[in-house]
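*Asks:*
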Amino acid sequence: MLRANLKNLWIQRCLVGRKITMPVFVINATTSKTYREWKEVFDSVEDKRKAAGIEVLYVGHALENEQQVHHVQRVSSKEVFMRLMDENRHVIEASGVDPSSVSVTVCTD
4 MLRANLKNLW
14 IQRCLVGRKI
24 TMPVFVINAT
34 TSKTYREWKE
44 VFDSVEDKRK
54 AAGIEVLYVG
64 HALENEQQVH
74 HVQRVSSKEV
84 FMRLMDENRH
94 VIEASGVDPS
104 SVSVTVCTD
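Per this note's numbering: the sequence shown = residues 4 to 112.
1. With a threshold of 6 Å on Cβ separation, who are the neighbours of T108 within its own chain once the five nearest residues in sequence on each side are excluded?
2. Measuring only the C-alpha atoms, how far is S35 from E69?
3. Per DSSP, T34 forms a beta bridge with which residues?
4. What span of residues does the alpha helix (DSSP H) with V83 cover, start to end?
5. Quick check on the DSSP output: the beta strand (DSSP E) that includes E58 runs from which residue to which?
6. With H, G and I counted as helix, E and B as strand and the rest as coil, what does DSSP make of V94?
See below:
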C-alpha cells in the first residue's frame with residue numbers, strides 16, 4: 004500500500020503543471036530478466052514509439068526489486084497503444100515480461 008501511494012505521489016509531482024492533452028498510461032510488469040536486459044529491449048523500439056506519437060515520461064524499477072518494471076507514457080489513444088502492443092508482442096516476450104503480470108492504468112487530468 005505504501006509503495007502504491009508513493010508511486011502515485013511521484014506521478015502526481017511529475018505531472019504537476021503539465022497540461023495533459025493525451026491519456027497517460029502507467030504500465031507495471033514483472034520480467035524474468037535483469038532491469039538492464041529488460042531496458043535494452045524496451046529502448047530497442049523507441050523509434051516505433053516516437054513514430055506512433057508515444058512519449059515516455061518515466062522508466063524504472065521498484066527500489067527493492069529490479070524485476071518489477073514500471074513505465075509511464077503519454078499516448079494519443081488507447082487504440083494506438085494497443086496496436087503498438089500487438090505489433091511488438093515478440094519484443095515484449097523477448098524482454099522476459101510475464102504477460103499475466105502486466106497492469107495498465109489509463110489516467111487523464
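For every residue, glycine included, the Cβ atom is placed at its ideal position computed from N, Cα and C.
*Replies:* Concretely, from the data shown:
1. So the qualifying residues of the chain are V29.
2. Computed Cα separation, rounded: 10 Å.
3. V100
4. Its alpha helix (DSSP H) spans residues K81 to E90.
5. E58 to A65
6. helix
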